[in-house]
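See below for the structure under consideration.
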Amino acid sequence: MTTSPLNHPRQELDRSLPIGMFDSGVGGFTVFRQLKKILPNESVVYFGDTANIPYGDKQPGLIHAWAKNIIAFLTTQRVKAIAVACNVSSSVLTEADFAESPVPVFGLIYNGATAALNVTQSNRIGILATAATVQTASYVKTIQRFSPETAVFQSACPKFVPLVERGAFSGAEVDAAVSEYTAPLRNAGVDTVIYGCTHYPFLGASIKSHLEGVHLIDPAVEIISELAAYLHNHNLLRQEGPAPDVVFASDLNGQFINTAKLFLGIDIRPISSQVIVNPAKANS
Ligand code: DGL
Numbered sequence: 071m072t073t074s075p076l077n078h079p080r081q082e083l084d085r086s087l088p089i090g091m092f093d094s095g096v097g098g099f100t101v102f103r104q105l106k107k108i109l110p111n112e113s114v115v116y117f118g119d120t121a122n123i124p125y126g127d128k129q130p131g132l133i134h135a136w137a138k139n140i141i142a143f144l145t146t147q148r149v150k151a152i153a154v155a156c157n158v159s160s161s162v163l164t165e166a167d168f169a170e171s172p173v174p175v176f177g178l179i180y181n182g183a184t185a186a187l188n189v190t191q192s193n194r195i196g197i198l199a200t201a202a203t204v205q206t207a208s209y210v211k212t213i214q215r216f217s218p219e220t221a222v223f224q225s226a227c228p229k230f231v232p233l234v235e236r237g238a239f240s241g242a243e244v245d246a247a248v249s250e251y252t253a254p255l256r257n258a259g260v261d262t263v264i265y266g267c268t269h270y271p272f273l274g275a276s277i278k279s280h281l282e283g284v285h286l287i288d289p290a291v292e293i294i295s296e297l298a299a300y301l302h303n304h305n306l307l308r309q310e311g312p313a314p315d316v317v318f319a320s321d322l323n324g325q326f327i328n329t330a331k332l333f334l335g336i337d338i339r340p341i342s343s344q345v346i347v348n349p350a351k352a353n354s
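What follows is the structure, encoded as C-alpha cells:
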C-alpha cells in the first residue's frame, strides 16, 4: 500500500472502472458532487485522509508523501483516472508525479488558475486557501506563468477547515472568519476569487455575501470538465449505470459519515477505519 505509483506497471484502462478521488477530509466531496452532476454514470472510489487532517498546517514534504501513498492506494483499487480533490496535494505533486502515475491524474491548480484568468477584467485575482497552499504559491506561479501582468493576492484561512469538518457551514462564527479572511482581498480590489481549498464551497453562502460583485471560481467545476473531456476523447466514459461508490477514510468518524449523508446523499458503511499506514507516523 505504500508502494510508489512509479513502481506499478501501466494499467489497462477499462471504461467501466471508477474514478479515484482524494482529500484530507470532506472537502473533496465538493469535487465528488460535481462529478456526479456532470457524469452521473461514473462511480467513485474516494479516500479521505482524516487521520492527518488538517493538511493546511503541515509541511509540503509530508503532504507530498501522503499524496503519493494515496495515489498508489487508489491505483490498487483499479481506477481509470484520479482527480486530486485537494488543492494543497495538487500544489505539492510535481509534473513528474502526474506524468509517471500508472493512471492519469488530474489536479486543481491549473484548472482554477486558467478559469480565473478567463473571467478577470481587472487582472487582480484573490486566492482563499490553506496556509500550506499559500506557502507553495502554486496559484500565484501558475497564474503569472500565463499572465505575468496579473496581480495575485493570497489570504490564508486556517479557521475554515476545522469549521467545515465539524459541520459548521453558517452562523456567527463562520461569518466572523469569512469577514476576517476576505477583508484583505476586498481591500486589494480583486474582481475574481478562487476557492483555493475544496472545503471552502461549504461556506459559499457566507463567502458570497462578503464578496458581492466578485467572480467566485470553484476549481471543482474545471477539474471535472477536464476529466470529462479526457474520458470522452479516450473512449473511457462509462456506458452502463453507475456502480456503488466506495469511500475510504484513514480515521472514519461520525461527522465524516454525517457530511457524506447530508452533502452527497450517500450512506457510508464502515468496513475498515485504517487502510493506509502512513510511514511518517508509523516510524515516529
Ligand atoms: N481540502 C484541502 C485543500 O483543498 C485541504 C484542507 C486541509 O486539510 O487543510 O487544500
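This note's numbering numbers the first residue of the sequence shown as 71 and each following residue consecutively.
Virtual Cβ for every residue (Gly too), placed ideally from N, Cα, C.
{"Asked": "So, Val-284 versus Val-263, is the Cβ gap smaller than 8 Å?", "Found": "yes"}
{"Asked": "In the DSSP assignment, find the unbroken beta strand (DSSP E) run with Ser-225 in it and report its ends.", "Found": "221-226"}
{"Asked": "For Thr-72, count neighbouring C-beta atoms within 10 Å of its own C-beta (all shown protein chains included) and say buried if the count is 16 or more, exposed if not.", "Found": "Note that Thr-72 scores a pLDDT of 26, beneath 50, so its modelled location is shaky and nothing firm can be said."}
{"Asked": "In three-state terms, what does DSSP make of Gly-95?", "Found": "coil"}
{"Asked": "At which residues does the alpha helix (DSSP H) containing Gly-131 begin and terminate?", "Found": "130-146"}
{"Asked": "Roughly how many angstroms lie between the CA atoms of Ala-247 and Thr-329, to the nearest whole one?", "Found": "21 Å"}
{"Asked": "Hey, could you find the ends of the alpha helix (DSSP H) Gly-324 is sitting in?", "Found": "324-329"}
{"Asked": "For Gln-224, count neighbouring C-beta atoms within 10 Å of its own C-beta (all shown protein chains included) and say buried if the count is 16 or more, exposed if not.", "Found": "buried"}
{"Asked": "Short check: CB of Ala-206 to CB of Pro-289, under 8 Å?", "Found": "Note that residue 206 is Thr in the sequence shown, not Ala. No, Cβ-Cβ distance for Thr-206 and Pro-289 is not below 8 Å."}
{"Asked": "Helix, strand or coil for Thr-200, going by three-state DSSP, please let me know.", "Found": "coil"}
{"Asked": "For the beta strand (DSSP E) that His-285 lies in, which residues bound it at each end?", "Found": "285-287"}
{"Asked": "Cys-227 to Pro-88, Cα distance in whole Å?", "Found": "33 Å"}
{"Asked": "Kindly give me the distance between the Cβ atoms of Gly-266 and Thr-190, rounded to whole angstroms, as I take these residues to be in contact under 8 Å.", "Found": "Incorrect: roughly 15 Å between the Cβ atoms, too far for contact."}
{"Asked": "Whole angstroms are fine: how far does the CA of Asp-167 sit from the CA of Lys-107?", "Found": "28 Å"}
{"Asked": "Relative to the alpha-carbon of Ser-94, which residue among Thr-268, Glu-296 and Arg-215 has its alpha-carbon at the smallest distance?", "Found": "Thr-268"}
{"Asked": "Taking the continuous alpha helix (DSSP H) assigned at Tyr-180, which residues delimit it?", "Found": "179-189"}
{"Asked": "Using a 10 Å radius around the Cβ and a threshold of 16 neighbouring Cβ atoms, would you call Phe-186 buried or exposed?", "Found": "As written in the sequence, residue 186 is Ala, which differs from the Phe given in the question. So Ala-186 ends up on the buried side."}
{"Asked": "For the ligand DGL, is there any heavy atom lying closer than 7 Å to the beta carbon of His-285?", "Found": "no"}
{"Asked": "On the three-state DSSP scale, how would you describe Thr-206?", "Found": "helix"}
{"Asked": "At the level of alpha carbons, what is the spacing between Ala-199 and His-304?", "Found": "33 Å"}
{"Asked": "Could you tell me the boundaries of the alpha helix (DSSP H) in which Tyr-270 lies?", "Found": "Note, Tyr-270: premise wrong, no alpha helix (DSSP H); not H, not E."}
{"Asked": "Val-231 to Tyr-270, Cα distance in whole Å?", "Found": "8 Å"}
{"Asked": "Using the rule of at least 16 other Cβ atoms within 10 Å of the residue's Cβ for burial, across every protein chain shown, is Asn-257 buried or exposed?", "Found": "exposed"}
{"Asked": "Would you say the beta carbon of Thr-200 is closer than 7 Å to some non-hydrogen atom of the ligand DGL?", "Found": "yes"}
{"Asked": "Grouping DSSP H, G and I as helix and E and B as strand, with all else coil, what is Phe-216?", "Found": "helix"}
{"Asked": "Can you tell me whether Tyr-251 sits near the ligand DGL, meaning its C-beta is under 7 Å from at least one heavy atom of the ligand?", "Found": "no"}
{"Asked": "Inspect the beta-carbon positions of Cys-156 and Gly-97 and report whether they are closer than 8 Å.", "Found": "yes"}
{"Asked": "Are the CB atoms of Phe-117 and Phe-333 nearer to each other than 8 Å?", "Found": "no"}
{"Asked": "Can you find at least 3 beta carbon pairs, one from the region 174-181 and one from the region 139-155, that sit closer than 8 Å?", "Found": "yes"}
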